[in-house]
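Working notes for the structure below.
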Amino acid sequence: MTDLLLHPFVENALREDLRSGDITTDALIPAALRGVAAMNVRAPGVVCGLNLAQSAFRTLDASAQIEILAEEGQKVSAGTTVLRVEATGRALLSAERVALNFAQRLSGIATLTSQFVEAVAGTGAVIADTRKTTPGLRLLEKYAVRCGGGSNHRFALDDLILIKDNHIALCGGISQAVERARHSIGHAVKIEVECDTLQQVEEAVAARADILLLDNMGPDILKQAVAIIGGRALAEASGGVNLRSVRAIAESGVDLISVGALTHGAKSLDIGLDVEI
Numbered sequence: 079m080t081d082l083l084l085h086p087f088v089e090n091a092l093r094e095d096l097r098s099g100d101i102t103t104d105a106l107i108p109a110a111l112r113g114v115a116a117m118n119v120r121a122p123g124v125v126c127g128l129n130l131a132q133s134a135f136r137t138l139d140a141s142a143q144i145e146i147l148a149e150e151g152q153k154v155s156a157g158t159t160v161l162r163v164e165a166t167g168r169a170l171l172s173a174e175r176v177a178l179n180f181a182q183r184l185s186g187i188a189t190l191t192s193q194f195v196e197a198v199a200g201t202g203a204v205i206a207d208t209r210k211t212t213p214g215l216r217l218l219e220k221y222a223v224r225c226g227g228g229s230n231h232r233f234a235l236d237d238l239i240l241i242k243d244n245h246i247a248l249c250g251g252i253s254q255a256v257e258r259a260r261h262s263i264g265h266a267v268k269i270e271v272e273c274d275t276l277q278q279v280e281e282a283v284a285a286r287a288d289i290l291l292l293d294n295m296g297p298d299i300l301k302q303a304v305a306i307i308g309g310r311a312l313a314e315a316s317g318g319v320n321l322r323s324v325r326a327i328a329e330s331g332v333d334l335i336s337v338g339a340l341t342h343g344a345k346s347l348d349i350g351l352d353v354e355i
């Protein structure tokens with residue numbers, strides 16, 4: 079992602095952390111003192127967010143010299159140095175937490191995503207995220223999913239018509255809901271319908287929905303749903319997906335598996351910043 083998109087996130091995070099200033103660092107570290115620090119990965123994973131870490135250090139020291147030593151989305155082993163920075167001691171210490179927070183959080187999402195992608199390898203199923211993201215950080219967290227090899231589902235409510243159970247209930251049925259949706263959108267907007275039963279799958283296919291969200295169906299029911307769809311729409315599985323179940327879900331023949339846990343359940347990757355000089 080470009081600096082234009084990244085910098086506001088970094089500025090907001092630094093403003094939140096610094097408030098009136100880093101009173102510990104300002105009291106202990108002379109303003110002219112410079113140093114070198116390395117960002118080291120302490121557990122194996124997929125790296126993401128180093129560009130945000132770089133921006134954090136440069137925001138506090140425009141003269142900082144930074145070397146990014148790993149690509150976004152690269153798998154690394156424990157002990158790998160992924161970034162080295164030379165800057166004022168105050169910038170190193172005051173930007174440390176923000177830089178690490180971004181790198182740890184986004185690398186955790188990328189790492190978990192890569193595990194799901196590897197689990198379905200060879201099936202043809204695509205792993206996608208959801209809107210279950212941290213408020214205000216959706217752009218970054220969905221970027222991390224892509225770095226982990228996953229795909230992005232809709233970013234916001236205006237990307238796609240997604241007719242869920244409560245919409246169906248209020249509209250009086252699937253065909254009525256799809257018809258209303260089709261009359262209110264442009265030709266480029268797709269319509270997706272959530273289906274809880276095989277009967278709803280048949281109704282959604284008959285209504286010519288573009289995508290069917292097959293919610294909380296086991297692998298055997300998913301196979302039946304895929305057969306009913308018969309290639310006339312994309313089949314998306316969702317609900318309760320985890321690393322133990324995802325392979326069987328993928329082998330049912332669905333096109334897409336959406337996993338909310340990619341963003342709401344990812345554990346931050348252990349990354350530290352170690353001063354070298």
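Each step along the sequence shown adds one to the number in this note's numbering, with nothing skipped, and position 213 is 291. Just so you know, even glycine gets a beta-carbon here, dropped at the ideal spot from N, CA and C. All values derive from a computational prediction rather than experimental measurement.
Taking 8 Å as the cut-off, decide whether the C-beta atoms of residue i and residue j are in contact.
i	j	result
residue 184	residue 147	no
residue 120	residue 173	no
residue 330	residue 291	no
residue 349	residue 118	yes
residue 340	residue 207	yes
Keeping to the same chain, check which residues put their C-beta closer than 6 Å to that of residue i; ignore five residues upstream and five downstream.
i	result
residue 342	210
residue 317	293 and 294
residue 353	113 and 115
Leaving out five residues before and five after residue i in sequence, what residues of the same chain have Cβ atoms less than 7 Å from its Cβ?
i	result
residue 344	186, 187 and 190
residue 84	129, 130 and 133
Using the C-alpha atoms, what's the distance from residue j back to residue i?
i	j	result
residue 270	residue 248	17 Å
residue 286	residue 116	55 Å
residue 224	residue 198	16 Å
residue 132	residue 144	7 Å
residue 235	residue 255	16 Å
residue 108	residue 149	34 Å
residue 260	residue 233	20 Å
residue 220	residue 315	19 Å
residue 100	residue 175	12 Å
residue 171	residue 159	18 Å
residue 126	residue 250	45 Å
Between residue i and residue j, how many whole angstroms is the CB-CB distance? I'm expecting something under 8 Å.
i	j	result
residue 130	residue 88	6 Å
residue 283	residue 310	6 Å
residue 134	residue 177	4 Å
residue 228	residue 124	Incorrect: roughly 11 Å between the Cβ atoms, too far for contact.
residue 194	residue 337	6 Å
residue 274	residue 298	Residue 274 to residue 298, Cβ: 15 Å. No contact.
residue 241	residue 272	7 Å
Discussion item. For the pair the segment 200–207 and the segment 130–143, tell me if three or more CB-CB distances fall below 8 Å.
Written reply: no
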